[in-house]
Amino acid sequence: MKRVDDFRLKLGGRELVPIVIGGMGVDISTTELALEAARLGGVGHISDAMIKTVSDRRYDTKFVSAKQKRYKHNVANVDKSEVKFDLADVAEATRLHVQGTMHAKRGDGLIFINCMEKLTMNAPKETLRVRLTAAMDAGIDGITLAAGLHLGSFGLIEAHPRFKDVQLGIIVSSLRALQLFLRKSARTGRLPDYVVVEGPLAGGHLGFGLDDWMKHDLRTITGEILAWLRQERLDIPVIPAGGIFTGTDAAGYLETGAAAVQVATRFTVARECGLPPEVQQEYFKADEDDIEVNGISPTGYPMRMLKGSPAIGAGIRPNCEAYGYLLDANGHCAYIDAYYREVAAHPGVKDLHVPDKTCLCTHMRNFDCWTCGATTYRLKDTSRRLADGSYQLLTAEHVFRDYQFSKDGKIALPD
Ligand SMILES: Cc1cc2nc3c(=O)[nH]c(=O)nc-3n(C[C@H](O)[C@H](O)[C@H](O)COP(=O)(O)O)c2cc1C
């Protein structure tokens, strides 16, 4: 049987190692992780989720406190419609993060940015246009459109001078979603350069229903999409994602027509990953029944996470004045309703418990929502236990090379 290294992903006139490290929001897929993927000849992702927070942490800006100060008067108000993002600040934060990453890039690989449509930021069109435009201005190699159908996204940037040359891809979880996207984007005269097919075992948000995700499987969806593209004579690289745990799993997809694989969970325990080391130990320790798919994300999409995530059941006051990334076009977020419902039901109670939704901005920002892939319980088999009982963190290079070169379902342990 072949190894991943026997294949190459042809993209943007290059031949790449067909391993894409997927975007993991709020700086879990860090610059450092993406740089390693590029250095090793594959594709890495940074993410533009909560970009101002990321910029404050990495580039010493003060975007979050400035926004919080500006809207301080509104903190106790249920109505968040006036809490708007300063578009120039969004552009500047994106520029800093993308330029900072691209300037450090070495090697033959590429670095893309993951751009989630569900980050509606109280002005979906305007903020998305700025995010996409600023990333292209700052020299990103490619943009992966995620968490949404993105039916208007190509249209938002079609006048940009880099529209034709930047690599543009979309994440879909069904053939129908891809067909819809292609139909709506046809007017711009441009096809996506790649399609990531994300199945139900992925981490983060899932593109399936809370009750039916388990009825779907990545192999079937990928097969349907490959067959349809062939039938339509559309030459778009297909990149399956979700539950691809070993190099052998990956090679299996490449042998049946996939152009590359997108992986993430194995890299959550790499040193270059943005999760704090103590949270990485939680990922290592997790057993299969410590993982659940729940509906607490205010986006409306199901999300997979460790049951021990502090975000589950927490009842903090909505933090939209500081963050507000999930406010829809009318300044609304499902967590605000859930929170104020509990406030009304439990007057005077300090430690509120909100069971059905969570303040995803705050908890993702603080690494308290431990979103993970379905295979997280296997991470303990990829490392060694140290004398103190903790697991040894891996290097991104070790994990990447294991995907690239391993055979026979084997996983290489670190030295
Ligand atoms: C911790 C974590 C965070 C993620 N965050 C995002 C995200 O912000 N946006 C996105 O499109 N996908 C996100 N994903 C999905 C990955 O990019 C990837 O497609 C998927 O997890 C691959 O499957 P695997 O984790 O089984 O390898 C996340 C995955 C993980 C594990």
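Quick note, my numbering runs 1 ahead of the 1-based positions in the sequence shown.
Just so you know, even glycine gets a beta-carbon here, dropped at the ideal spot from N, CA and C.
Values in this document were obtained by computation on a predicted structure and should not be read as measured data.
Among the options, which residue has its Cα nearest to the Cα of residue i?
i	options	result
I47	Y72, N75, V99, R9	V99
D213	P303, A323, P193, V197	P303
I52	S30, Q282, L207, I237	S30
V239	T247, D290, I112, L219	L219
N78	Y341, S384, R402, C362	Y341
G258	T221, G14, L111	T221
G24	I292, Q282, F406, G243	G243
P415	Y284, I337, V270	V270
G368	G390, F285, P319, A312	It should be noted that the sequence gives Phe, not Gly, for residue 368. Minimum Cα distance to F368 is reached at A312.
A124	D138, F86, D90, E93	F86
T121	L150, T189, D389	L150
Y60	I237, E93, G153	E93
G140	G153, A346, R40, L97	L97
G43	I112, V197, G316, S391	I112
G410	I297, T247, V264	T247
T266	G253, A287, A260	A287
I20	R40, A67, L207	R40
D194	L394, Q393, L10	L10
L361	L192, F268, G314	G314
K81	R305, L327, I245	L327
R305	V355, K351, L202	L202
L192	F164, G205, H206	F164
Y336	I297, H347, P348, S310	I297
F300	I237, D236, G208	In the sequence as displayed, the identity of residue 300 is Thr instead of Phe. Per the Cα distances, G208.
C370	L179, Q393, T223, G204	G204
In the DSSP assignment, find the unbroken alpha helix (DSSP H) run with residue i in it and report its ends.
i	result
P278	278-286
C362	361-366
K70	64-71
V344	335-346
L133	125-138
M2	Segment: none, M2 is in no alpha helix (DSSP H) and carries neither H nor E.
Q405	397-406
Q232	219-232
K53	52-60
I158	154-158
V99	88-104
F113	From DSSP, F113 is part of no alpha helix (DSSP H) but of the beta strand (DSSP E) over 111-117.
L176	176-186
Using a 10 Å radius around the Cβ and a threshold of 16 neighbouring Cβ atoms, would you call residue i buried or exposed?
i	result
E256	exposed
L307	buried
L16	Reading off the sequence, residue 16 comes out as Glu, not Leu. By the 10 Å Cβ count, E16 comes out exposed.
A251	buried
P278	exposed
F182	buried
E273	buried
W229	exposed
A38	buried
A388	exposed
Q232	exposed
D166	exposed
G14	exposed
H364	buried
S186	buried
E199	buried
M2	exposed
A345	exposed
K68	buried
K70	exposed
M215	exposed
T32	buried
Tell me which residue opens and which closes the beta strand (DSSP E) that residue i is part of.
i	result
I240	239-242
V198	195-199
G143	143-147
R15	15-17
G170	168-173
S48	44-48
V21	20-22
R305	304-307
K1	The question about residue 1 has no answer here: the residues shown for the chain are numbered 2 through 416.
L328	Per DSSP, L328 belongs to no beta strand (DSSP E) and is neither H nor E.
E293	292-295
L12	10-12
V262	262-264
Tell me whether residue i, by its Cβ, gets closer than 8 angstroms to a heavy atom of ligand 2.
i	result
S66	Within the structure as shown, ligand 2 is missing, the only ligands being ligand 1.
Validate contact between the stretch 153-172 and the stretch 118-137 using beta carbons, cut 8 angstroms, 3 pairs: Touching, yes.
Residues surrounding ligand 1 [beta-carbon distance to nearest heavy atom under 6 angstroms]: Per the Cβ criterion, the list is G23, G24, M25, G26, I29, S48, A50, N115, M117, A147, A148, I172, E199, L202, A203, G204, G205, A242, G243, G244, I245, Q263, V264, A265, T266, T269, T372, C373, G374, T376.
Touch test, the stretch 367-374 against the stretch 320-332, Cβ-Cβ under 8 angstroms, three pairs minimum: no
Three CB pairs or more closer than 8 angstroms across the stretch 167-177 and the stretch 143-152: These segments touch.
The stretch 292-303 touching the stretch 380-396, judged by at least three CB pairs closer than 8 angstroms: No, the stretch 292-303 does not touch the stretch 380-396.
The stretch 395-411 touching the stretch 3-11, judged by at least three CB pairs closer than 8 angstroms: yes
Inter-stretch contact (C-beta, 8 angstroms, three-pair minimum) for the stretch 282-290 and the stretch 320-328: no
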